[in-house]
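Line by line, the protein sequences are chains A and B.
Each residue of the first sequence is one higher than the one before, starting from 48 at the first, in this note's numbering.
Each residue of the second sequence is one higher than the one before, starting from 48 at the first, in this note's numbering.
All residues carry an ideal CB built from backbone N, CA and C; glycine is no exception.
2 protein chains.
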Amino acid sequence: MDKPTIADVARLAGVTKGTVSHVYNGHRPISAATKKKVISAALSLDWSPNYNAQALAVQRANAVGIVLARDPSVLASDTFFPIFLSGVETVLAKHGVALVLQVVNGHEMECEAYRTMAQGRVDGVIVLDLSRNDYRIPLLKKLQLNAVLADSCNSSKDRGFSNVWVDDRAPIKILISHLLELGHRRIAHVSGPMQYVHSYERAQCYIETMGSGELLRTGDFTANSGVECTKDLLSSSNPPTAIIYSNDVMATAGLSYAQSQGFKIPEDLAVAGFDDDPISEHLNPPLTSVYTNAFKRGQITADRLLAEINGALPESVETEPSRIRFRASTGDR
Amino acid sequence: MDKPTIADVARLAGVTKGTVSHVYNGHRPISAATKKKVISAALSLDWSPNYNAQALAVQRANAVGIVLARDPSVLASDTFFPIFLSGVETVLAKHGVALVLQVVNGHEMECEAYRTMAQGRVDGVIVLDLSRNDYRIPLLKKLQLNAVLADSCNSSKDRGFSNVWVDDRAPIKILISHLLELGHRRIAHVSGPMQYVHSYERAQCYIETMGSGELLRTGDFTANSGVECTKDLLSSSNPPTAIIYSNDVMATAGLSYAQSQGFKIPEDLAVAGFDDDPISEHLNPPLTSVYTNAFKRGQITADRLLAEINGALPESVETEPSRIRFRASTGDR
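If you want it as structure tokens, here you go:
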């Protein structure tokens, strides 16, 4: 059988092609009974409106975009993104909006991806992995693309874009004060790359709270960098008794390395991570971590973007604070 | 400034609008010098051809789709998919083809996603998480959608679709023979859900090689199910001395649970996983696992789909065999 056409649907539903089209584009009110007839005819024929034709007609792509500039190994280590993505998709699905995802390698490819998206492929983008002085902000302005930034502080307030943010300093403060209460004085931090707002915010808060950056080491979110930074810290003349890592992958690798060197966790070394990976509560010992509510943040971000595509003004939205999941890797609370 | 138009690009490059359009749609030969002028004019103005208009003109969406029917926690536990995706994207980027990704929940939403994709949103799809007697096969045929199946055996040979597959039985055989050589006789297997071809193939091969399914337990790829199956196996009257898990997340959770119960790994219990997560070589002890070359498989699958969109006939492609990464969790080889 050939692909079904709008004429087939109209014939089966006993209406005109124009009526079928109005059911789907919403340009004219249609009675519930007619709507039902048309939709069940379309379903039984496996017909849907042609999205390209429809998108051109209403000047909409019915799609939003995400561009990720990440190395495959970093992408595979990150559990925040897939859960965030699931949250985004639940909202998009309700509105029949597609997600266009592009994983790029390098600055030029990233710019080209946004440019292509701006030329009718999507109606707006979600911007992740925000950098300090992110060059994408002026680019997106120039491209006149709707955008919502997923941020780790309220830095983007005056940049003309919506901003769905969480306070990334608060959990660091809570973790440090918990470790201080337990008697720790030499508390280290293994951060992510400092160009990222989230890594920077966490590290800045760590330095301010501890009053020193002596025990700060910069990783890159991979397991390997977790091992290297831990090795460096534990081999120093005055090593830390506790380490807070900026993600769970580095924390897990660091914890395992310390164990392999004979350190008992948490007796000899307390360890905490960030993002609360699904595996973290099942490690030995279970890992204390920061639960960042990625699913909910994905939903809020997508809601915000769709509102803006429909004409709402940019807005800064603070999401609910991250919670610490205290587990055995930091000892009894 | 308003969005740049094709007229702006033509003016800046000193050519007609028709010439600009031919540079991008490739319908007429254009000299290298003219092409260069047009492309640099377009770049300096941040202009790209409108993909919706272009797609309609050539009857192409310039996009391919992936529909994932997965729970967020399973999505977050799976490192195969993000690495596979990176491989897919490197190929798509070279050809200016976008990826439309839809994460769905339930059968109805999944069917609707494929139907929408078939109506002009994409030119073809990549089908993952293949089930035995997958209902998507007849659906995709009915929708007349180009599709490439990522499979774990050559089951899809006669189904009329391209099939990029790897032999998922071979690594199970190698792991079992390795454990037998080390003296293990009670070797267990924790599988994924049996409706998936990959889980089924691995479990079937395990039963055939061991001659019994007594020590087979069915998990669901989550850490939690890894713990539950391990608990069940270790508390039996004649427990196994080795466990092969169908992914690294279940293996890591199982290994940690066993350690928490006082089992020494590998002395009291040998443990092996599947997928070789980036964290696995950094665990304590490092985890023996099956490296499945997800990046390369993503590239081959995308290449195959683009070839088919351009008129090539369906083909079955076997990818290079998975390799076992032997590490301390199974003891010395």
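Exposed or buried, which one is residue i when buried takes at least 16 other CB atoms within 10 Å?
| i | result |
| --- | --- |
| A/TYR182 | exposed |
| B/GLN166 | buried |
| A/ALA104 | Confidence at A/ALA104 is low in this model, with a pLDDT of 49, below 50, so the placement of that residue is unreliable and no value is reported for it. |
| A/PRO185 | exposed |
| B/GLU362 | exposed |
| B/GLU275 | buried |
| B/HIS142 | exposed |
| A/GLY273 | buried |
| B/GLU228 | exposed |
| A/THR66 | buried |
| B/ARG232 | exposed |
| A/LEU179 | The sequence as given places Arg at residue 179 of chain A; Leu does not occur at that position. Answer is exposed; the Cβ neighbour count stays below 16. |
| A/PRO218 | buried |
| A/LEU190 | buried |
| A/LYS50 | exposed |
| A/ALA305 | buried |
Is residue i near residue j, with beta carbons less than 8 angstroms apart?
| i | j | result |
| --- | --- | --- |
| B/VAL213 | B/THR366 | yes |
| B/GLY112 | B/VAL144 | no |
| A/VAL296 | A/PHE268 | yes |
| B/GLY320 | B/LEU334 | yes |
| B/THR163 | A/SER95 | yes |
| B/ALA116 | B/ALA88 | no |
| B/PHE399 | B/ASP322 | No statement about residue 399 of chain B is possible, as the shown extent of chain B runs from 48 to 380 and does not include it. |
| A/ILE312 | A/VAL337 | no |
| B/ASP215 | B/SER238 | no |
| B/VAL138 | B/LEU353 | yes |
| B/ARG235 | B/ARG264 | The question names Arg, but residue 235 of chain B in the sequence shown is Ala. Yes, the Cβ-Cβ distance between B/ALA235 and B/ARG264 is below 8 angstroms. |
| B/VAL151 | B/LEU122 | no |
| A/LEU330 | A/ILE290 | no |
| B/PRO119 | A/SER303 | no |
| B/ALA349 | B/ALA300 | no |
| B/GLY171 | B/ALA194 | yes |
Residue i touches chain B at which residues, Cβ-Cβ below 8 angstroms?
| i | result |
| --- | --- |
| A/THR163 | SER95, TYR98, GLY143, ALA145 |
Could you name the residues of chain A that residue i contacts, counting a contact when the two beta carbons are closer than 7 angstroms?
| i | result |
| --- | --- |
| B/SER156 | Rather than Ser, the amino acid found at residue 156 of chain B in this sequence is Met. Those are ALA140, listed as they occur along chain A. |
| B/ALA300 | ILE326, HIS329 |
Residue i lies in the alpha helix (DSSP H); which residues open and close that run?
| i | result |
| --- | --- |
| A/ALA60 | 53-60 |
| B/ASP350 | 341-356 |
| B/GLU255 | 244-257 |
| A/LEU222 | 217-228 |
| B/ASN271 | 270-281 |
| B/SER124 | 119-124 |
| A/ARG232 | Neither: A/ARG232 is in no alpha helix (DSSP H) and is coded neither H nor E. |
| A/GLY171 | Per DSSP, A/GLY171 belongs to no alpha helix (DSSP H); it is in the beta strand (DSSP E), 171-174. |
| B/TYR338 | Element bounds for B/TYR338: not the alpha helix (DSSP H) but the beta strand (DSSP E), 336-338. |
| A/SER307 | 295-307 |
| B/GLU365 | Run containing B/GLU365: none in the alpha helix (DSSP H); it sits in the beta strand (DSSP E), 363-365. |
| A/VAL213 | Unbroken run through A/VAL213: none, as it is neither H nor E. |
| B/LEU187 | 183-190 |
Which chain B residues sit within Cβ distance under 7 angstroms of residue i?
| i | result |
| --- | --- |
| A/GLU136 | GLN149, VAL150 |
| A/THR126 | ALA123 |
| A/LYS50 | GLN191 |
| A/PHE342 | PRO119 |
| A/ALA349 | What A/ALA349 touches in chain B: nothing, since even the nearest Cβ is about 12 angstroms away. |
| A/VAL274 | HIS329 |
| A/GLN306 | ASN331 |
In the DSSP assignment, find the beta strand (DSSP E) that holds residue i and state where it starts and stops.
| i | result |
| --- | --- |
| A/HIS154 | Careful: A/HIS154 lies outside any beta strand (DSSP E), inside the alpha helix (DSSP H) at 154-163. |
| A/THR288 | From DSSP, A/THR288 is part of no beta strand (DSSP E); its letter is neither H nor E. |
| B/SER91 | Looking at the DSSP string, B/SER91 is not in any beta strand (DSSP E); the run it does join, the alpha helix (DSSP H), is 79-92. |
| B/SER199 | From DSSP, B/SER199 is part of no beta strand (DSSP E); its letter is neither H nor E. |
| A/LEU146 | 145-151 |
| B/LEU360 | Premise fails: B/LEU360 is in no beta strand (DSSP E) and is neither H nor E. |
| B/ALA317 | 317-319 |
Using the beta-carbon of each residue, which ones in chain B are nearer than 9 angstroms to residue i?
| i | result |
| --- | --- |
| A/VAL296 | PRO325, ILE326, HIS329 |
| A/PRO240 | Within 9 angstroms Cβ-Cβ: nothing; A/PRO240 doesn't reach chain B, min ~17 angstroms. |
Going along chain A, which residues have a C-beta under 9 angstroms from residue i?
| i | result |
| --- | --- |
| B/LEU132 | PRO119, LEU122, LEU148, VAL150 |
| B/THR63 | Within 9 angstroms Cβ-Cβ: nothing; B/THR63 doesn't reach chain A, min ~20 angstroms. |
| B/SER303 | ILE326, HIS329, LEU330, ASN331, PRO332, PRO333 |
Just to make sure I have the definition right: I need the residues of chain A whose C-beta is within less than 8 angstroms of the C-beta of residue i. Which are they?
| i | result |
| --- | --- |
| B/THR269 | PRO325 |
| B/PRO185 | Going along chain A, no residue has its Cβ under 8 angstroms from B/PRO185, so there is no contact; the nearest lies around 11 angstroms. |
So which residues on chain E does residue i lean against when the C-beta distance must stay under 8 angstroms?
| i | result |
| --- | --- |
| B/PRO313 | Structure shown: chain E not included; protein chains present are A and B. |
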